[in-house]
Amino acid sequence: MSNGRVLIVDADPLFVRTVRAALGQAGFESVAEADALCGLEQVAAFRPAIVVCDTNLPGMEGFALLRELRANFPALPVVLVAEEGSIELALHAIQEEGAHYFFEKPVDAQQLVAVVERACEAAGDETAAESPPEPDAPIAFGKLIGNSEPMRRVYALIEQVAPSSASVLITGESGTG
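Each residue of the sequence shown is one higher than the one before, counting from -15 in the numbering used here.
And the structure:
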């Protein structure tokens, strides 16, 4: 039985083969695309629970793909993988770009599977790549109501932090959305 769907967007066939094998052993269904544009199309078709994406891709840079996914599927966790990483790049990927996790190659496949499992558990094992809500549809998130782009970003951040035990304070003027 599948624990979830994983989309891998990476042009390195050895990496893809290794990760798909590890994910398959853990019960995940996965598909792989070698370029970012095909990966973006595959999100709508395959509806993954999580995306594992290289930062250096044909067709579109990995960070550009991450931004596109964050804009269209804000609840979809994206794990970035880089050939050469640094603490600064990892912090940029997670804090500024909204990546769920960051790995430097070579990646320990079992550690990657553990990250995927935790992300799927945190999302309730639901498919995160659902169509974005209609622009005029009212959105309610707990007691928060609003459908403006800033509120959608707040909701996405809440979903990222919700699985942790961290305390979070959301502030803002009432009625400003």
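The beta carbon of each residue, even a glycine, is placed where N, CA and C say it ideally should be.
Rounded separation between residue i and residue j - CA only
i, j, result
"Arg(-11)", "Ala33", "5 Å"
"Leu153", "Pro134", "16 Å"
"Ile(-8)", "Gly156", "38 Å"
"Ala112", "Asp38", "The predicted model places Ala112 with a pLDDT of 45, which falls under 50 and marks its position as unreliable; any figure quoted below should be read in that light. The alpha-carbon atoms of Ala112 and Asp38 are separated by roughly 20 Å."
"Asn40", "Glu81", "15 Å"
"Leu96", "Arg54", "20 Å"
"Ala98", "Ala66", "18 Å"
"Ala150", "Lys89", "30 Å"
"Pro116", "Ala6", "In this prediction, Pro116 scores a pLDDT of 49, lower than 50, which makes its location untrustworthy; the coordinate-derived value is nonetheless stated afterwards. Computed Cα separation, rounded: 30 Å."
"Asp92", "Val138", "32 Å"
"Leu141", "Glu72", "21 Å"
"Glu68", "Phe86", "11 Å"
"Leu64", "Arg136", "22 Å"
"Leu52", "Gln26", "Here residue 52 turns out to be Glu, not Leu, going by the sequence shown. Whole-angstrom Cα-Cα distance: 13 Å."
Local Cβ density within 10 Å of residue i, reported as buried at 16 or more and exposed below that
i, result
"Val145", "exposed"
"Arg1", "exposed"
"Ser132", "exposed"
"Gly23", "buried"
"Leu(-2)", "exposed"
"Ala28", "exposed"
"Ser70", "exposed"
"Gln94", "exposed"
Element boundaries [beta strand (DSSP E), containing residue i]
i, result
"Gly(-12)", "Gly(-12) to Val(-7)"
"Leu73", "That residue, Leu73, is in no beta strand (DSSP E); its alpha helix (DSSP H) goes Ile71 to Leu75."
"Ala20", "Unbroken run through Ala20 is the alpha helix (DSSP H), Ala20 to Phe30; no beta strand (DSSP E)."
Contact with chain D by residue i, beta-carbon distance below 9 Å
i, result
"Leu(-2)", "Note that chain D does not occur in the displayed structure, where there is just one protein chain."
Sub-9 Å separation of residue i and residue j beta-carbons
i, j, result
"Val36", "Leu60", "no"
"Ala16", "Pro42", "no"
"Ala(-5)", "Glu101", "no"
First and last residue of the uninterrupted alpha helix (DSSP H) at residue i
i, result
"Ile142", "Glu133 to Val145"
"Phe47", "Gly46 to Asn56"
"Ile106", "Inspection of the sequence shows that residue 106 is occupied by Ala rather than by Ile. Ala106 -> alpha helix (DSSP H) spans Ala93 to Ala106."
"Val152", "Taken as a continuous stretch (DSSP letters only), Val152 belongs to no alpha helix (DSSP H), as it is neither H nor E."
Heavy atom of the ligand MG within 8 Å of residue i beta-carbon
i, result
"Glu68", "Looking at this structure, you won't find the ligand MG or any other ligand, since it has none at all."
Should the region 75 to 87 be regarded as contacting the region 43 to 53, the criterion being three or more beta carbon pairs within less than 8 Å? A contact exists between the region 75 to 87 and the region 43 to 53.
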